[in-house]
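For the sequence shown, position 165 (counting from the first letter as 1) is numbered 182 according to the numbering used here, and the numbering increases by one without interruption.
Don't be surprised by glycine CBs; every beta carbon is placed ideally from N, CA and C.
What you are looking at is a predicted structure, and each value in this text was computed from that prediction instead of being measured.
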Amino acid sequence: MFERIEPLTLRVLKLDVTSGMGSLFKALASSFAQKEVSLRHLRINRLPKAEAEEVHESLLLFLTSFCGLKTIWIQCDDCSKISTDGIINHGETLKILFIVNGGVHRQDKTKCMVAGDLQQIATACPELQQLCLNLYEIDPDRNESDILGPQPGVTYVANDFEEALQAIASMPKLKVLRFTNPPNYRQTYFRPGELFRWFPRSLQSGTERMAYKARADGVMQYLREHGSNVHFLAFSPTEKLNKATSADKHGHVWPDYYYYAGRLTDVKGTDIAVARPLVHWKTEYPSVMVWKEA
C-alpha cells in the first residue's frame, strides 16, 4: 500500500470521506507498531458512515499503535463516539482536540462526549490547549434546571453536563473551548437572581443575542468557579445551517457566537467572570485552530 511514500516520515495526515479508510488505518498501524513515528497532526474531516463500525475499530488500532500526536481532529456526521483510549494514548503531547461525534445527537450518550470521557481526557492530557466537541447536554428522562450550580433551598446534585464542565475546568492549559451543539439545544444558562431568566428560542431574533450572552456568562462563570483557565468560548455548530442575514449588536451572525473571558463587579461588590463578545476572531486570533472548518 505504501510503495510511493514512507509512512514513518509523515508529519501531517489529512483525510476526507473515502472508502477503504479502515484498511488504511490497519496498514498504518502495522507500519507504525514499535517504530519511531514522525506523525504529529491527524485531521479526519469526515468518517464514512457506511463503514463506521469497521473504521472505528481500525482507527482505535491506529491511534494506539504509536504516540506523539499534537493535533487530533475527527469529525463524523452520524456515528457512535470515538473511543477515548485512542485519544489519551497521545495525552503527553496532545494540544489540540477537535472531536465532534454524531452531529446533533446531544441527547444520545453513545454519540456525544460525556462527563466520564472528559474526566479521562483531563487526567491524561495535561498539555491540551484547544478543545472542540459536541457535548452530551440533556438527559431526555430528566426535567433539568437551566441554572448551573447550587440553588437556594434545593439539594444540589451535579448533572452530567456540570460534571463535564468541571472536568474541562480541571484542564490546566486549556485556553479555547468550542461547543458544536445545535444553536437552540437548550434554554439559556443562568445564575440565580439574574434579571432575565427565560428567552424565546425563535432563531435569528434579537433575543438570541441576549440568550447566547447569558448562556456564555453562565458557562464562563461556572468554569471559573471551578478553577478554569479558559479564555475563549464559542458556540458554533458544524452543521450547514442557514445563517442570519445580518449581524446582531455584538457583531455575531447566528448561529456562530464567540466570546472571551472578562471580569465584572456586581451590585454587591463581588468580582465575577463574564463572557465578552468577540467579533473579529479570524483576524485577531488566527492561531485558534478549533474555530476553523475544513
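Counted within 10 angstroms of its Cβ, other Cβ atoms place residue i as buried (16 or more) or exposed
i: THR197; result: buried
i: PRO65; result: buried
i: ILE22; result: exposed
i: GLN92; result: buried
i: PRO303; result: exposed
i: ALA264; result: exposed
i: LEU194; result: buried
i: GLY268; result: exposed
i: ARG232; result: buried
i: VAL174; result: exposed
i: GLU225; result: buried
i: VAL284; result: exposed
C-alpha distance - residue i paired with residue j, whole-angstrom precision
i: ALA50; j: ASP134; result: 26 Å
i: LEU30; j: TYR274; result: 30 Å
i: GLN147; j: VAL171; result: 35 Å
i: TYR239; j: ALA184; result: 12 Å
i: CYS84; j: TRP90; result: 15 Å
i: LYS266; j: PRO272; result: 14 Å
i: HIS58; j: LEU77; result: 16 Å
i: ALA132; j: LEU191; result: 16 Å
i: ARG63; j: ILE289; result: 40 Å
i: VAL247; j: LEU152; result: 17 Å
Per-residue DSSP class, three states only, for residue i
i: ILE239; result: One detail in the question is off: residue 239 reads as Tyr in this sequence, not Ile. Helix.
i: PRO294; result: strand
i: ARG226; result: helix
i: PHE83; result: coil
i: PHE213; result: With a pLDDT of 37 at PHE213, under the threshold of 50, the modelled position of this residue cannot be trusted; read the value that follows with caution. DSSP places PHE213 in coil when its eight states are reduced to three.
i: ILE104; result: helix
i: THR255; result: coil
i: THR26; result: helix
i: HIS267; result: coil
i: TYR202; result: Unreliable placement is indicated for TYR202, whose pLDDT of 45 sits below 50; the coordinate value is still reported in the next sentence. In this structure, TYR202 counts as coil in the three-state DSSP scheme.
i: LYS278; result: Residue identity check: residue 278 is Ala in the sequence provided, not Lys. If DSSP states are grouped into helix, strand and coil, ALA278 belongs with the strands.
TODO: Could I get the ranges of all uninterrupted alpha helix (DSSP H) runs contained in the stretch 165-195, with 4 residues as the minimum, in chain order?
DONE: 177-186
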